[in-house]
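Numbering (my numbering), first residue to last: 1 to 67.
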């Protein structure tokens with residue numbers, strides 16, 4: 001996490017707008033394609049670079065972001 005409080009607040013607000021990332025009572029929380037899309041939206045909103053790294057044997061990859 002960044003030491004910049006403005007960035008941290010922006011990051012938290014971007015996540016808060018996408019409950020499928022954090023609200024485990026939603027059915028969307030269990031849908032990986034929706035949560036991955038939400039994380040990419042967060043990255044785009046706060047303008048950080050994300051890299052998708054494919055996992056062997058899986059159709060979807062993991063996202064790694066530089067904060």
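Each residue gets a CB set at the ideal place from its N, CA and C atoms; glycine is no exception.
Computed from a predicted model, the values in this text were never measured in an experiment.
- When only Cα atoms are considered, residue 24 and residue 16 end up about 13 Å apart.
- In the DSSP assignment, residue 9 falls within the alpha helix (DSSP H) that extends over 5-16.
- For residue 30, the three-state secondary structure derived from DSSP is helix.
- Separation of residue 34 and residue 19 (C-alpha to C-alpha, rounded to the nearest whole angstrom) is 11 Å.
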